[in-house]
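A.B. asks: In the numbering used here, the protein residues as written are 9 to 76. Heads up, the beta-carbon is just placed ideally off N, CA and C, and yes, glycines get one too. This is the structure I want to talk about, given as structure tokens.
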Amino acid sequence: MSEFVSVLRERVAGALDALNAARDAGLDREVELHVARVRDLLELAGRHDVDTTGWVDAVALTTPPYRD
């Protein structure tokens, strides 16, 4: 595994940890921000032909409606 893929995978894992913490705390806006970050990282991986199968459960990327 290249260094790029290793770092990318670590960043996805970190973003998922932050996402789960925000969910546990009931911070809907932060949930949306972390979901967006994970999606951005997965998009970056796709642009570099990195197979991310199994990195993220699709259910983890669902978000509740934002409430202000």
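#1: By the DSSP assignment, the alpha helix (DSSP H) with Asp-32 in it spans what residues?
#2: If we count the other Cβ atoms within 10 Å of its Cβ and call it buried at 16 or more, is Val-64 buried or exposed?
#3: So, Thr-70 versus Glu-40, is the Cβ gap smaller than 8 Å?
#4: Is the beta carbon of Ala-66 sitting closer than 8 Å to the one on Arg-45?
#5: Locate the alpha helix (DSSP H) running through Leu-5, then write down its first and last residues.
C.D. replies: For this structure:
#1: Taken as a continuous stretch (DSSP letters only), the alpha helix (DSSP H) holding Asp-32 covers 11–33.
#2: Buried.
#3: No; because the gap between Cβ atoms is not below 8 Å, this pair is not in contact.
#4: No, Cβ-Cβ distance for Ala-66 and Arg-45 is not below 8 Å.
#5: This structure does not reach residue 5, given that the chain is present from 9 up to 76, and the question cannot be answered.
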